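Only one structure is covered here, and it is reproduced in the block below.
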Amino acid sequence: GGGNLFRGAGLAEAGMNRVVGDHMGMLATVMNGLAMRDALHRAYVNARVMSAIPLKGVCDDYNWADAIRELRQGRVVIFSAGTGNPFFTTDSAACLRGIEIEADVVLKATKVDGVFTADPVANPDAELYDKLSYTEILDKELKVMDL
Numbered sequence: 001g002g003g004n005l006f007r008g009a010g011l012a013e014a015g016m017n018r019v020v021g022d023h024m025g026m027l028a029t030v031m032n033g034l035a036m037r038d039a040l041h042r043a044y045v046n047a048r049v050m051s052a053i054p055l056k057g058v059c060d061d062y063n064w065a066d067a068i069r070e071l072r073q074g075r076v077v078i079f080s081a082g083t084g085n086p087f088f089t090t091d092s093a094a095c096l097r098g099i100e101i102e103a104d105v106v107l108k109a110t111k112v113d114g115v116f117t118a119d120p121v122a123n124p125d126a127e128l129y130d131k132l133s134y135t136e137i138l139d140k141e142l143k144v145m146d147l
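The opening residue of the sequence shown carries number 1 in the UniProt record's numbering; numbering runs sequentially from there.
Below, the structure written as structure tokens:
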């Protein structure tokens, strides 16, 4: 994601055109992807950034067949720019790419240490769940994914 730099929906609330804000958010994900690739390269891990929007000379365009080939060769593939379409979150894009590459699991990292009864940033009394099923997450409307 790129919410640490720009969040399209938040920019729209501040008066910016939502499409422009989402494009800025997509570019922020590319910036984060480049930083991740650099960190991996410094640790001698072969990684490639693929973007859903063309950025010639910066990173590779997303192509399913190329991503599969890289993964089969043991390389890390970093997907960036979401789906390339405004109004779709990077969480949605992560699930889409996970399905496309037949990933065993899609993991989401955030600024909090798990899933809570409420937003722990806004509510310090929120309690951390020890274990949850997919159905419980839906029934309790816990909003663990930005959709």
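For every residue, glycine included, the Cβ atom is placed at its ideal position computed from N, Cα and C.
Since we're looking at a predicted model, the values are computed, not measured.
Going along the chain, which residues of its own chain have a beta-carbon closer than 8 Å to the beta-carbon of residue i, five neighbours each way excluded?
i	result
ALA47	MET36, ARG37, LEU40, HIS41, ARG75, VAL76, VAL77 and ILE78
ASP130	none
ASP66	MET50 and ASP60
For the candidate residues the options, whose alpha-carbon lies nearest to that of residue i?
i	options	result
MET145	LYS108, PRO124, GLU127 and ASP113	LYS108
TRP64	GLY57, VAL58 and VAL49	VAL49
ASN32	SER133, LEU128 and THR90	THR90
LEU128	LEU138, THR135, ALA122 and VAL112	VAL112
ARG69	ILE101, ALA14 and ASP119	ILE101
ASP22	GLY15, ALA43, ASP139 and ALA9	ALA9
Under 8 Å by Cβ, that's how I've got residue i and residue j pegged, so tell me the actual separation to the nearest angstrom.
i	j	result
MET26	GLY98	Going by Cβ atoms, the distance from MET26 to GLY98 rounds to 18 Å, so no, they are not a contact pair.
THR117	ALA126	5 Å
LEU71	VAL115	So it is not a contact: roughly 28 Å between Cβ atoms.
VAL30	LEU11	Not confirmed; about 17 Å, so no contact.
ALA28	GLY2	3 Å
Give me, in chain order, the residues of the same chain whose beta-carbon lies closer than 6 Å to that of residue i; leave out the 5 immediate sequence neighbours on both sides.
i	result
GLY84	ALA52 and ILE53
VAL19	PRO86
ALA93	GLY82 and THR83
Using a Cβ-Cβ cutoff of less than 7 Å, which residues in the same chain neighbour residue i once the five nearest sequence positions on both sides are dropped?
i	result
CYS95	VAL106
PRO120	VAL112 and ALA126
LEU132	VAL115
VAL45	VAL76
Residue ranges of each alpha helix (DSSP H) within the UniProt domain "Aspartate/glutamate/uridylate kinase" (19-139), 4 or longer:
Inside the UniProt domain "Aspartate/glutamate/uridylate kinase" (19-139), DSSP marks whole alpha helix (DSSP H) runs of 4 or more residues at positions 64-72, 90-100 and 134-139, from first to last along the chain.
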